[in-house]
Structure formats: structure tokens, C-alpha cells
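Below is one structure; the comments refer to it alone.
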Amino acid sequence: MPEKGLITNKPHFLKNAGQRGFQEVWYLKFNDLQAGRALWLRFTVLIGRNRSKEITEVWSIFFERSQKEVKKVGVKQTFPLTSFTVINDREFQIGENVFKETGTSGAIEDGSNRIQWDFSITPSAPESHDFIPKSVRRLGLTHNAALTVHEHQFYSGWSEINGDRFDWNASPGMQGHLSGPRNGHSWGWGHCNTFTDETGCPAPLLWDGLIARASIGKIVLPPLPSMYFRLGNQRWVFNTLCDAARINSSHGYDGWQFTAEKKGFRFVGNITARLEDFAGVTYEDTDGSNLYCHNTKVCDFSLSITPPGESPHRYFSRGSTAYEVVTREAHPGIMFVI
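So for the sequence shown, my numbering puts the first residue at 7; every next one is plus one.
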């Protein structure tokens, strides 16, 4: 879990990995709005129970959405855990693949595909979110951390997908950090910082949401939602059990619909996704079981915000919203790329 509430990228596995196993993830995503492209990068550590497996991996998916289809190229490369080198609390390296808060570079291949990249990262004002309510940790219902370290960043540089080069210029994105002795049972996650208003102009709006189910033994707990909204300088944070009661939510492979209320404001969101928008990814848990991440970075989102005593203000994201559905069973209609 984060140290005394600090939301950082500092690796946790170095001191927290025991015989129960441990998994840790650093991930980032960003969109080229004009080209309809998105890139997802993921750096992971997996230590199995009783140290049965000790590996570190680098993952990537390239998305390109056109009117007719969504092109997806996925790559994962696996390294021994000894390839993970900590430079400092904000920087590490897996083989030749570098992650730091000011940039990332690397190249991975799996025999079929190759993805290479080099990006500088420019943060906006510091902005982060801890998804897990403190009371849930105090009750011992989870020992995991689920953090958005940077809600709003800009990525500039280039990527090369099987020899095809793409340049990116101040592409909006974000970066998160997960860790714990075992993954949650299942969850849905979404993020968007690419909204326009009703006139089509860029809007200073950001949304980040998670709805997750934990398990205690063989008991799977009800889904618990957590959300973060920011419009201009106004922020609404939903990350307590009382906040969760103010969210009505339903999510699945066709999208995520929710309503939320706080401080007199009402939020109504509708993420819409098609099966062809998703790229499937298989995750291994610390006990050897699998999770299946149905992952898209190019779906649509409409969000209305109604201030007290006013009419709704409506915002839209077309083909640039991140949405993931993670389950214990793979959807047979979604193509798995990793």
C-alpha cells in the first residue's frame, strides 16, 4: 500500500514480497486524437507463492481506430527478476526498457511483433487518486494498492510498430501504479482526459473510475466503485464507503453506465464499447490462476454534469476513452493479442 498516503511510483515488492507472493504494475496510456491512435505500456513484477516464479515483464498494445475497424498490435516480453534495476524512487529499468516520471524508452518483441518507443513525459499540475477507501484497508478487506499517480500528462516522441514509425506530439495521457499479494477478483476501470464540450471545443474535464470486487477466501464481495472528477479547478473525489453509496453503476463489455452525486452536483456517465474495440490480454496471478483483461483505449464516452439549480452541461469523448473489463473468464468474442 502507499506509504502514509503518499501516491508514488516507488517499488513495493523489494520489501513486501514474501512467501504469499507479490505482483506490481506500472502502466501508462496516451492518445493521438487526430490520428485515432493510442498506446498502452505496462511494466510488471510477478513473484509467485513460495517464490515459485520470479519474473518481470514489459507489455504494450498499439491501437488505431478508423471508421471501419480497430487495428491492435500487442507484445509482451519476459525477463528474469534480476533484470529489474531500481535507479531511484522515480525510475527503474527492465533490461534496456526504461521507466521514469519524465520519460520512457524501450523495445520489446515476441517473435511475431515488435514495438519500440522513446517518449518524454510532461506532467500538468500534480494530480493523483487513491481508489481504495482507507476504511477498507483498516477492515483488512484488501492489502492491495490501486493508485493513479498522474491523472493528466502529455507524451511527446515516437513509436515504431513492426517497422512503421508514428510521431506523437503532446498526446494526453496518464499513469498508474498497482501492487499487492494478489490481484483483485475482477474489476472495471476507465479514464478520460480528452473531452470536448457541446460546441466541440476542448474541455478542461477529467474522469477516472474503478469498480472492483475483492475476495476473501472463496467469498467474492460486492462491487465497490471509486471515482475522480475534475472540471477546471473543481474536484470531486469519491473514495470512501459513503461515497460509494452515492454511485449507481452498471458495467459490462458494451460499456459502463453510472450516476453519482456529491455536494449538490449530479454526474451521469455512459461509456460505450464494441467487442471489436477490445484487445484481450491474459494476466497471471501470484497463485498461478489467470485473469483476462479486455482492454480498449479507443471507445466513446458521454458525461453530463449538473450543478445545483442548473441544467446539465454535456461533454463527449469520441474514440479516445480508456476502458478495461478484467474477469476470471475470457470473452470468446474478443481477440486476445497477448
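For glycine and all other residues, C-beta sits at the position ideal for the given N, C-alpha and C.
Residue environment: Glu157 is assigned as buried (16 or more neighbouring CB atoms within 10 Å of its CB, all protein chains considered). Linking Glu70 to Ala44 through their CA atoms gives a straight-line distance of about 7 Å. In the three-state scheme derived from DSSP, where H, G and I count as helix and E and B as strand, Ala23 is classed as coil. Using a 10 angstroms sphere on the CB of Asn168, the tally of other CB atoms stays under 16, which defines it as exposed.
With a beta-carbon spacing of about 27 Å, Ile67 and Ala23 fall beyond the 8 Å limit used to define contacts.
The three-state secondary structure of Cys198, taken from DSSP, is strand. Per the coordinates, the alpha-carbon of His135 lies some 19 Å from the alpha-carbon of Arg48.
In this structure Ile121 does not touch Val92 by the C-beta definition: roughly 24 Å separates them, more than the 8 Å allowed.
The beta carbon of Arg241 sits closer than 8 Å to those of Tyr234 and Phe235, all from its chain and outside the five residues before and after it, given in chain order.
Between Val332 and Cys305, the gap from beta carbon to beta carbon reaches 8 Å or more. If you draw a 10 Å sphere on the C-beta of Cys198, you find 16 or more other C-beta atoms in it, and that means buried. Taken through DSSP and simplified to helix, strand or coil, Leu211 comes out as strand.
Of all C-beta pairs linking the region 264-279 to the region 310-317, three or more are shorter than 8 Å, placing the two stretches in contact. Asp170 carries a strand assignment under DSSP once its states are collapsed to helix, strand and coil.
With a cut-off of 8 Å on Cβ pairs, the region 319-327 is in contact with the region 199-214, counting three or more such pairs. At the C-beta level, Ser165 and Trp193 stay beyond 8 Å of one another. Taking a 10 Å sphere around the C-beta of Met341, we find fewer than 16 other C-beta atoms and assign the residue as exposed.
For Leu297, DSSP records a beta bridge to Tyr289. Scanning Lys78, Cys248, Gly27 and Ser221 for the CA closest to the CA of Arg57 turns up Gly27. The closest CA to that of Leu145, considering only Thr202, Thr50, Leu297 and Leu247, is found on Leu247. In this structure, the alpha-carbon of Arg334 lies about 43 Å from that of Glu316. Taking the CA atoms as reference points, His191 sits about 16 Å from Ser232. When secondary structure is reduced to three states using DSSP, Lys140 falls in the helix class. Residue Phe98 holds the alpha-carbon nearest to the alpha-carbon of Pro17 among Trp65, Asp203, Val155 and Phe98.
Per DSSP, Tyr259 has no beta-bridge partner at all.
Taking the C-beta atoms as reference points, Thr205 is found no nearer than 8 Å to Leu39.
If the five residues before and after Gln73 are omitted, its C-beta is found closer than 7 Å to no C-beta atom of its own chain. Under the DSSP definition of a beta bridge, Gln40 lacks any partner.
Nearest Cα to Arg252 within the set Gly261, Gly238 and Lys269: Lys269.
Rounded to the nearest whole angstrom, the C-alpha separation of Gly339 and Asn94 is 42 Å.
Just so you know, the alpha carbons of His149 and Ala131 end up roughly 29 Å apart. In the structure shown, Leu145 falls within a coil segment according to DSSP collapsed to helix, strand and coil.
Between the beta-carbon of Val287 and that of Ile344 there is about 5 Å, and that keeps the pair under the 8 Å contact cut. Secondary-structure assignment with DSSP links Arg320 through a beta bridge to Ser310.
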